[in-house]
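Everything below concerns the one structure shown next.
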Amino acid sequence: MKLENLTNPWSPSHSLVQPTLEQTQYSQEHQAAFRFGQTLPKYLLFSSPQKNCWGHRRSYRLQIHSMAEQVLPPGWQEERAVTWARYPLAVTKYRESERYSSSLYNQNDPWDPPVVFEEFLRNNENIEDEDLVAWVTVGFLHIPHSEDVPNTATPGNSVGFLLRPFNFFPEDPSLASRDTVIVWPQDKGLNRVQRWIPEDRRCLVSPPFSYNGTYKPV
Numbered sequence: 001m002k003l004e005n006l007t008n009p010w011s012p013s014h015s016l017v018q019p020t021l022e023q024t025q026y027s028q029e030h031q032a033a034f035r036f037g038q039t040l041p042k043y044l045l046f047s048s049p050q051k052n053c054w055g056h057r058r059s060y061r062l063q064i065h066s067m068a069e070q071v072l073p074p075g076w077q078e079e080r081a082v083t084w085a086r087y088p089l090a091v092t093k094y095r096e097s098e099r100y101s102s103s104l105y106n107q108n109d110p111w112d113p114p115v116v117f118e119e120f121l122r123n124n125e126n127i128e129d130e131d132l133v134a135w136v137t138v139g140f141l142h143i144p145h146s147e148d149v150p151n152t153a154t155p156g157n158s159v160g161f162l163l164r165p166f167n168f169f170p171e172d173p174s175l176a177s178r179d180t181v182i183v184w185p186q187d188k189g190l191n192r193v194q195r196w197i198p199e200d201r202r203c204l205v206s207p208p209f210s211y212n213g214t215y216k217p218v
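Numbering follows full-length UniProt numbering, in which position 44 of the sequence shown is assigned residue number 44; successive positions increment by one, without gaps.
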């Protein structure tokens, strides 16, 4: 994000200042590994070579809600067991052998752990047009205070991140959902769709027309 001085298109003799987004594309793992203290981009997009009907690359946005703090200085004794904690975000090429950033057994020998996340980045592989993994570290700092007695209050404390479609659909896909619908995954067979209506299909009334509120099929 930066401020740019532009000529006013409606009054060429005057200028105006507006915020603009500067796009940066990361092609290697080292470029997409952001250490603590390093500024994260305002918008983190994972883009496909395919484009939507508007000519924009179909993407998903990674929106991080809360940032964790660095646990230990890099290289400090047992810190080798938690090298994932050096990064609020690191993006790597998907590998079947790199499924977990840590291991239950790391705590048994943190000085020589069986899984070292830093080694995932050592080969600095290409991440353009590849299957990618986003390693996100989230958390928050809680400072004990008198209102914690007798129970620690949790309102206002939250951690997590969102994966949001960004230029992925031609329009808002929720337009096709006139009512709340929940899809429950099943271990076997088809998923169960809960529509908040009687399960007996004989009670359903045929819709008067097929228009679902969208301009294009979703």
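Glycine residues also receive a C-beta, built at the ideal position from the N, C-alpha and C atoms.
By the C-beta density criterion, Ile143 is exposed, having fewer than 16 other C-beta atoms within 10 angstroms.
In this model, Trp10 and Met1 are separated by some 24 Å (Cα to Cα).
Of all C-beta pairs linking the segment 59-78 to the segment 144-151, fewer than three are shorter than 8 Å, placing the two stretches out of contact.
Within the DSSP secondary-structure output, Gln28 pairs in a beta bridge with Asn126. Every beta strand (DSSP E) stretch that sits fully inside the segment 63-136 and reaches 3 residues is listed by chain position as 89-93, 132-136.
Looking at the DSSP output, Val17 shares a beta bridge with Asn5.
Contact between Ser27 and Phe166 is absent: CB atoms are separated by about 20 Å, not below the 8 Å threshold. In the DSSP annotation of this structure, the continuous segment of the beta strand (DSSP E) that includes Phe166 starts and ends at 161-166.
Distance check between Glu128 and each of Pro12, Gly37, Leu45, Thr7 places Leu45 closest, using alpha-carbon atoms only. Between Ala134 and Val71, the C-beta gap is not smaller than 7 Å, which leaves the two residues out of contact.
Going by C-alpha positions, His65 is about 36 Å away from Thr7.
Here DSSP, grouped into helix, strand and coil, assigns Pro41 to coil.
Note on Arg99: under 16 other CB atoms within 10 angstroms of its CB, so exposed under the neighbour-count rule.
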